[in-house]
Structure formats: structure tokens, C-alpha cells
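Colleague: Pasting a structure below so you can have a look.
In the working numbering, the protein residues as written are 247 to 733.
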């Protein structure tokens with residue numbers, strides 16, 4: 247018996263492809279104009295009340311033309327971006343993105359593949375991109391890896407593998423309540439907060455992280471690490487993992503990777519490196535030695551959306567032991583049976599990750615490496631480090647400014663100072679300078695505290711920055727400092 251057909255069948259495809267083509271061309275053309283003219287635009291600007299009201303409107307019930315929607319975005323979204331694509335954005339630690347990566351995002355969305363599994367070109371490309379990252383970072387071909395949505399997730403995945411591998415029991419089957427001994431992980435007091443969050447998510451709690459003091463250069467104190475490990479063993483804890491940091495968020499300081507690796511091998515401890523900031527120094531002709539030994543890590547987290555300037559979000563977790571990696575995450579129910587042929591054949595990428603559904607994040611890395619080559623990214627890294635040293639030189643030459651410490655890589659921490667004000671007033675002064683720089687759209691530094699002293703912080707991880715932008719920053723800091731002190 248023939249079934250009745252539906253009276254109306256709708257689609258999300260446009261009824262008029264040519265008008266859609268024209269609207270898309272306009273978006274691309276105006277995006278290129280925007281990027282080409284970035285230096286003349288404010289870095290950031292506050293949202294006025296009418297823009298905030300726009301984003302409080304109720305959900306639309308009826309359709310609207312694509313051109314009108316784009317016009318609304320031009321008025322309300324684009325003028326109020328974070329600003330990290332701008333040449334004078336140096337807050338926190340972010341790359342500036344790039345146009346090729348943006349095109350990759352578009353092409354990946356058009357392809358529409360889900361990277362959880364499937365015998366697809368998108369999966370083959372991702373595996374190739376991960377292989378390229380393994381090669382560039384010095385990991386063996388037998389290692390495994392997966393793209394992730396950010397450094398926090400990359401570190402979480404790595405520490406999950408470390409916990410399961412070192413626990414001393416079958417954590418997946420029995421859970422953490424069956425651990426024969428309480429576990430201990432180690433990181434310096436300069437390590438990123440995502441390490442602690444990961445241990446909390448893994449059910450171990452914040453107290454499972456033993457915070458090791460840093461030395462005068464704000465890298466992990468190796469002697470203190472050894473004392474911490476031996477002391478915990480004596481108390482009945484099981485030391486299982488050291489989290490070395492290759493590029494701290496505060497200052498860019500790099501832990502002694504080779505010394506930590508030697509300790510881990512001697513003590514039978516998992517050696518993990520949070521390299522979200524500094525791992526890609528391996529691409530640099532002049533500074534790769536700063537992360538020597540990173541290739542011997544048991545696991546490594548890195549962020550191509552930082553020093554490789556890929557658009558957000560593009561991170562990667564590399565694991566030396568593929569079998570331990572897969573054993574941590576693989577799980578197949580009836581609806582995900584592995585097949586020898588067809589769309590669902592081949593290994594599932596979800597067997598190496600928490601995410602069964604995700605976009606082809608590696609396409610950005612793949613296209614960027616194909617277009618520019620890895621050596622270009624190495625030169626850009628060297629350029630940013632040279633610019634940081636240039637900024638440090640400007641600060642040293644100006645009596646009203648104070649350099650907090652020599653830049654380890656491309657982060658410069660400094661402050662405006664005045665003999666007439668105390669430490670608390672100096673903090674207030676520099677905070678106000680930072681906020682005015684941001685609100686006036688001049689530049690976007692952030693702030694931090696170094697050895698108990700508050701300061702400004704410029705993280706120059708930006709391929710669009712020129713030395714003239716750094717001259718402008720110093721001039722603006724001095725001018726604003728004079729205005730505030732004068733007022």
C-alpha cells in the first residue's frame with residue numbers, strides 16, 4: 247500500500263541561491279576590508295546600552311532576509327569583538343587568528359562531517375594534521391593524538407590517561423573509590439588553573455595537586471619537587487604525575503623540562519607537559535632549545551590557536567602510548583558498532599577523546615601549514631620574542647617605568663611607577679592605566695602580580711603586531727600615568 251506523501255516539505259536551503267551568493271560575497275568582501283584596516287580601528291570598545299538591549303530581544307518566530315541579519319551583526323556584534331585580531335591586543339595569551347583559518351572554518355562547516363568517527367576525508371585529514379603536529383613536536387609515529395576544543399580539555403584528556411595508567415587499579419571499572427592509595431600530581435605555583443580543574447573533574451579533588459614553589463625566575467623549583475615527591479611517598483601517597491609547564495600564563499617562564507623528565511623516569515612517574523603556550527617553540531629556529539626534552543613527554547597539551555595563530559578553537563593532546571590513550575576512552579554500544587566496510591568503518595576518533603560529536607578542527611591547521619609551511623610560523627614566533635625584548639628595552643630606558651623581570655619568551659610584565667605613591671597606590675594607578683587603554687581603544691594589555699607586585703602584562707602572541715605598536719603602547723602608558731597622577 248502506497249503511503250500518503252506530506253503536503254509540504256521544507257528545507258533550510260535558500261529558495262534563491264543567487265541572492266544568497268551575493269550576500270555571502272558581501273560578507274567575505276567586507277571581512278577582508280575589516281582585516282586590512284584593523285590598525286586604524288579601536289582595539290576594543292564598550293557596548294552602549296542600545297547594543298545590550300539588542301541582545302536581550304526575544305527569540306524570533308518568523309524569518310528575516312539574510313542581508314538584514316548581516317546588517318544587524320555589523321551594527322551590534324562586529325564593533326564589539328574581544329579585539330584579539332587587532333595588532334595591539336596583548337591581553338592574556340591568544341593568537342590573532344588568520345584569514346586562511348577562517349576560510350577553513352567555512353569549508354569545514356560546508357563539508358559538515360562529524361569527526362567522532364566515519365570513513366571520511368575529514369577524518370583522514372585530521373589524522374594527517376595530528377601526524378604533522380607529532381612530527382613537528384618530535385613525538386614518535388607510534389604516538390597518538392586528538393584535536394580538542396581548548397587547552398583545558400587537552401590537559402584534562404592527558405591527565406585522565408595519566409590517572410588511569412598510574413592508578414594501580416582499573417579506574418574505569420571500579421572508580422576512584424577503589425584506589426589502593428591516594429594519588430598525587432605535581433605542578434608549580436605558576437601552573438595554569440586548568441590542571442587543578444582537571445583533577446577536580448576526575449574525582450581526585452584539588453588536594454591531589456601538590457603545588458611546588460617556583461624559583462626566582464618563576465619556573466618550578468626542582469629541589470622542592472624532589473622533596474615533595476619523597477615527602478608524599480613517606481606519608482602514604484602515590485606520586486603519579488608531574489605537570490611541567492612550557493610557558494606559564496603569567497610570565498612565559500618555562501620549567502626545566504629535562505630535569506623534570508629525569509626525575510619522572512627515576513621515580514616511575516608520568517611526565518606531562520602543559521605546552522599550550524610554549525610547545526610550538528619547537529618550530530622556532532632560534533628558540534627551540536627552550537623546550538628541549540618536550541618530545542620525551544608521556545603526554546603533551548598544545549594550542550595551535552596561540553603561537554600558530556589558528557582561529558579559535560584549535561588545541562591538541564598528544565599521548566606517547568597509543569594503547570593507554572585508547573584504553574582510557576574507547577566504548578562502543580550497539581549504535582556504534584565498528585564495521586569492516588561502509589561509512590562507519592575504520593577507527594573512531596572518539597576512541598581517543600571525550601567528544602563523539604565535533605567539528606573538523608584540524609582543517610585550520612592543515613590549510614595553514616599547507617599555505618605557509620612550518621618555518622614561517624617559526625619565524626613569526628621568533629619575531630614576537632624579538633618584539634618582547636624590544637618592549638623590555640623601551641621600559642628599561644624610561645625612568646617612570648619598571649620592568650618586573652626579563653621576558654622569558656614573549657610576555658613582558660612592567661608597570662608605571664612614581665616615588666610619591668606606595669604599593670597600593672601603584673596598583674591602583676596601573677589598573678586605571680590598563681582600563682583607560684582598553685576603554686579608549688588604544689591597546690589591550692592585561693595585568694597580573696609578580697613577586698607580590700601588581701603590574702601590566704603584554705603577551706605578544708600576535709602576527710599583526712609591529713614595533714611601532716609597542717612604541718605607541720609605551721607613549722600611551724606614560725601619558726595616561728601623567729594624567730592620572732596629575733589629576
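Ideal Cβ placement from N, Cα and C applies to all residues, glycine included.
Here the structure is a predicted model, which means the values were calculated and not measured.
When you compare the region 661-680 with the region 696-712, are there three or more beta-carbon pairs, one atom per stretch, that lie closer than 8 Å?
Modeller: With a cut-off of 8 Å, the region 696-712 and the region 661-680 count as touching, because enough Cβ pairs lie within range.
Colleague: Could you give the first and the last residue of the continuous beta strand (DSSP E) run that contains residue 702?
Modeller: Along the chain shown, one-based indexing puts residue 702 at 456. It spans 699-705 - the beta strand (DSSP E) in which residue 702 sits, taken as one unbroken run.
Colleague: Evaluate contact between the region 323-339 and the region 288-295, counting only Cβ atoms and requiring at least three cross-stretch pairs below 8 Å.
Modeller: A contact exists between the region 323-339 and the region 288-295.
Colleague: Can you check the region 271-301 for any alpha helix (DSSP H) of at least 4 residues that lies completely inside it and give the ranges in chain order?
Modeller: DSSP runs (the alpha helix (DSSP H)) wholly in the region 271-301: 295-300.
Colleague: Judging by CA-CA distance, which residue of 551, 356, 449 is the nearest neighbour of residue 522?
Modeller: The residue labelled residue 522 in the question sits at position 276 within the chain shown. That would be 551, whose Cα lies nearest to the Cα of residue 522.
Colleague: Quick one: what does DSSP say residue 709 is sitting in, helix, strand or coil?
Modeller: Counting from 1 along the chain shown, the entry for residue 709 is found at position 463. Coil.
Colleague: Taking residue 616 as the reference, which of 267, 379, 304 has the closest Cα?
Modeller: As a position in the chain shown, residue 616 is number 370, starting the count at 1. Here the closest residue by C-alpha is 379.
Colleague: Roughly how many whole angstroms lie between the Cα atoms of residue 418 and residue 598?
Modeller: Start at 1 with the first residue of the chain shown, and residue 418 comes out as number 172. Start at 1 with the first residue of the chain shown, and residue 598 comes out as number 352. Going from the Cα of residue 418 to the Cα of residue 598 covers about 14 Å.
Colleague: Using the three-state DSSP reduction, which class does residue 340 fall into: helix, strand or coil?
Modeller: If you number the chain shown from 1, residue 340 lands on position 94. Correct three-state label for residue 340: coil.
Colleague: From this set, 665, 433, 603, 600, which residue's C-alpha is nearest residue 646's C-alpha?
Modeller: Taking the chain shown and counting its residues from 1, one reaches residue 646 at position 400. Per the Cα distances, 665.
Colleague: Once DSSP output is grouped into helix, strand and coil, what is the label at residue 661?
Modeller: As a first step, residue 661 must be located in the chain shown, where it is residue number 415. Strand, per DSSP.
Colleague: Assess contact between the region 569-580 and the region 361-376, defined as three or more Cβ pairs (one per stretch) separated by less than 8 Å. Is contact present?
Modeller: Result no; under three Cβ-Cβ pairs closer than 8 Å.
Colleague: Would a C-beta distance cut-off of 8 Å place residue 555 and residue 709 closer than the cut-off?
Modeller: As a position in the chain shown, residue 555 is number 309, starting the count at 1. As a position in the chain shown, residue 709 is number 463, starting the count at 1. Yes, they are a contact pair.
Colleague: Count the other CB atoms, across all protein chains shown, that sit within 10 Å of the CB of residue 497; report buried if there are 16 or more and exposed otherwise.
Modeller: What you label residue 497 is simply residue 251 of the chain shown in a count that begins at 1. It is buried - the Cβ of residue 497 has at least 16 other Cβ atoms within 10 Å.
Colleague: Can you tell me the Cβ-Cβ gap for residue 692 and residue 452, rounded? I've got them flagged as a contact below 8 Å.
Modeller: The residue labelled residue 692 in the question sits at position 446 within the chain shown. The residue labelled residue 452 in the question sits at position 206 within the chain shown. With 8 Å as the limit, residue 692 and residue 452 do not qualify as a contact, their Cβ atoms being about 25 Å apart.
Colleague: Going residue by residue through the region 440-527, where are the continuous alpha helix (DSSP H) segments of at least 4 residues, counting only ones entirely within it?
Modeller: With a minimum length of 4 residues, the continuous alpha helix (DSSP H) runs that stay inside the region 440-527 are 440-447, 468-480, 503-513.
Colleague: Can you name the residues that DSSP bridges to residue 393?
Modeller: What you label residue 393 is simply residue 147 of the chain shown in a count that begins at 1. Per DSSP, 562.
Colleague: Roughly how many angstroms separate the alpha carbons of residue 656 and residue 492, rounded to a whole number?
Modeller: Residue mapping note: residue 656 aligns to position 410 of the chain shown, counting from 1. Residue mapping note: residue 492 aligns to position 246 of the chain shown, counting from 1. In a straight line, the C-alpha of residue 656 is about 13 Å away from that of residue 492.
Colleague: Since residue 585 sits in a beta bridge, which residues does DSSP pair it with?
Modeller: The residue you call residue 585 lines up with position 339 of the chain shown. DSSP output for residue 585 lists 591 as bridge partner(s).
Colleague: Find out if the Cβ-Cβ distance for the pair residue 545, residue 564 is shorter than 8 Å.
Modeller: Here residue 545 refers to the residue found at position 299 when the chain shown is read from its first residue. Here residue 564 refers to the residue found at position 318 when the chain shown is read from its first residue. Cβ distance < 8 Å, so residue 545 and residue 564 count as in contact.
Colleague: Take residue 690 and list the residues in its own chain whose beta-carbon comes closer than 6 Å to its own, dropping the five residues that flank it on each side.
Modeller: Here residue 690 refers to the residue found at position 444 when the chain shown is read from its first residue. Once the five neighbours on either side are set aside, the close Cβ partners of residue 690 are 289, 290, 329, 335, 337, 684.
Colleague: Using three-state DSSP, classify residue 420 as helix, strand or coil.
Modeller: Position 174 of the chain shown, counted from the first residue, corresponds to residue 420. In the structure shown, residue 420 sits in a helix (DSSP, three-state: H, G or I).
Colleague: Tell me where the alpha helix (DSSP H) around residue 674 begins and ends.
Modeller: As a working mapping, residue 674 is identified with position 428 in the chain shown. Element bounds for residue 674: 669-685.
Colleague: Am I right that residue 539 and residue 507 are in contact with their C-beta atoms under 8 Å? What's the rounded C-beta distance?
Modeller: For the purposes of this step, residue 539 is taken as residue 293 along the chain shown, with counting starting at 1. For the purposes of this step, residue 507 is taken as residue 261 along the chain shown, with counting starting at 1. Indeed they touch by this definition, with Cβ atoms about 5 Å apart.
Colleague: Quick one: give me the first and last residue of the alpha helix (DSSP H) that residue 604 is part of.
Modeller: Residue 604 sits at position 358 when you count from the first residue of the chain shown. Taken as a continuous stretch (DSSP letters only), residue 604 belongs to no alpha helix (DSSP H), as it is neither H nor E.
Colleague: Give me the DSSP bridge partner(s) of residue 648.
Modeller: By 1-based counting over the chain shown, the position of residue 648 is 402. 661.
Colleague: Starting from residue 553, follow the alpha helix (DSSP H) in both directions and report where the run begins and ends.
Modeller: Numbered from 1 along the chain shown, position 307 holds the residue referred to as residue 553. Residue 553 -> no alpha helix (DSSP H), and no H or E assigned at all.
Colleague: Quick one: what's got a C-beta closer than 8 Å to residue 400's C-beta in the same chain, skipping five residues either side?
Modeller: If you number the chain shown from 1, residue 400 lands on position 154. So the qualifying residues of the chain are 394, 522, 547, 548, 549, 561, 562, 563.
Colleague: Exposed or buried, which one is residue 810 when buried takes at least 16 other CB atoms within 10 Å?
Modeller: The structure shown has nothing for residue 810, since the chain only spans 247 to 733.
Colleague: According to DSSP, residue 398 sits in a beta bridge with which residue or residues?
Modeller: Here residue 398 refers to the residue found at position 152 when the chain shown is read from its first residue. Partner(s): none; residue 398 has no beta bridge.
Colleague: Got a sec? Which residues, its chain only, sit under 7 Å from residue 467 by beta carbon, not counting five neighbours each side?
Modeller: Your numbering for residue 467 matches position 221 in the chain shown. So the qualifying residues of the chain are 458, 459, 460, 461.
Colleague: Pick out whichever of 706, 687, 728, 730 has its Cα sitting closest to the Cα of residue 284.
Modeller: The count along the chain shown starts at 1 and reaches residue 284 at position 38. Ranking the options by Cα distance to residue 284, first place goes to 687.
Colleague: Identify every residue that forms a DSSP beta bridge with residue 348.
Modeller: Position 102 of the chain shown, counted from the start, is the residue given in the question as residue 348. DSSP lists no partner for residue 348.
Colleague: Residue 409 by DSSP, collapsed to three states: which one?
Modeller: One-based indexing of the chain shown puts residue 409 at position 163. Residue 409 falls in the helix class under three-state DSSP.
Colleague: Beta carbon of residue 357, beta carbon of residue 368: below 8 Å?
Modeller: Numbered from its first residue, the chain shown carries residue 357 at position 111. Numbered from its first residue, the chain shown carries residue 368 at position 122. Going by C-beta atoms, residue 357 is nearer than 8 Å to residue 368.
Colleague: Would residue 516 pass as a contact of residue 473 if the rule is Cβ separation under 8 Å?
Modeller: In the chain shown, residue 516 corresponds to position 270, counting from 1. In the chain shown, residue 473 corresponds to position 227, counting from 1. Result no, Cβ atoms of residue 516 and residue 473 do not sit closer than 8 Å.
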